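Here the structure comes first, spelled out in structure tokens, and everything after it is commentary.
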Amino acid sequence: MRVISPLVRHGRSLAGLTLLALVAGCVPPPRPETPPPPPPPRVAAPLPAPRPAPIAADWRDWPYSPGTWVYRRDARGSIALFGPANADASLTLRCDTATRRVYLSRAGTNATPLTIRTSSAMRALSVQPTGGTPPYVAAALMPNDSLLEAMGFSRGRFVVQQAGSAPLVVPAWAEIERVTEDCRG
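Under the numbering used here, the first residue of the sequence shown carries the number 3, and numbering increases by one thereafter.
Okay, structure coming up:
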């Protein structure tokens with residue numbers, strides 16, 4: 003029987019372990035992990051549109067419509083225009099000196115009656131299209147009509163309402179009375 007010295011036996015074990023370590027070293031290095039795709043950007047949900055302020059039950063508490071009054075004279079007489087600057091007027095009051103009539107006109111083509119509310123009166127007025135560009139509808143009033151006085155002297159504002167259109171809340175300024183007086187002569 004052949005006797006293997008303990009050195010040889012350990013040497014073989016050592017050689018086997020060395021060979022195993024060398025073989026393990028031949029394995030290619032691990033591939034770098036591809037990073038996961040970045041999470042999609044968080045999109046904040048859009049804020050809901052602000053709710054319009056509730057309109058008070060009493061028209062005298064409604065906010066004014068945007069705009070101011072402007073008074074002008076021309077070949078036909080005088081005119082007061084109400085509306086935003088650099089835009090067509092929302093409402094006009096014209097004295098036609100040839101016919102001695104005051105025409106209350108609102109922008110639009112809706113031929114339903116205008117309802118005028120003042121602090122002392124309320125009246126519906128029939129309107130007719132004016133045929134102009136931009137389109138307006140107009141009601142004719144006599145210069146001594148009490149509604150013109152009620153509009154001019156209403157407590158701070160009056161309202162022009164028409165079915166199918168937003169109400170116009172208009173300040174009661176001096177331009178209304180100037181046009182009325184121009185027509186009274």
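All C-beta atoms, glycine included, are put in the ideal place defined by N, C-alpha and C. None of the values given here were measured: they were computed from a predicted structure.
A residue is called buried once 16 or more other Cβ atoms fall within 10 Å of its Cβ, and G85 is buried on that count. Unbroken alpha helix (DSSP H) runs of no fewer than 4 residues, entirely contained in the region 54 to 107, are not found. Short of 6 Å from the beta carbon of T99, and not among the five residues preceding or following it, lie these beta carbons of its own chain, in chain order: G79. By a beta-carbon distance limit of 8 Å, A141 contacts L106. Their separation comes to about 5 Å.
Using a Cβ distance threshold of 8 Å, P48 and D90 do not count as a contacting pair.
A check of alpha carbon separations from Q164 across P41, A109, L116 identifies L116 as the nearest. Judged by DSSP in its simplified three-state form, T117 adopts strand. Per DSSP, the continuous alpha helix (DSSP H) segment holding M153 begins and ends at 148 to 154. Within the same chain, and ignoring the five residues on either side of W175 in sequence, the residues whose Cβ sits closer than 7 Å to its Cβ are W71. Collapsing the DSSP output to three states places V161 in a strand. Of the candidates R103, S67, G158, A123, R103 places its Cα closest to the Cα of R186.
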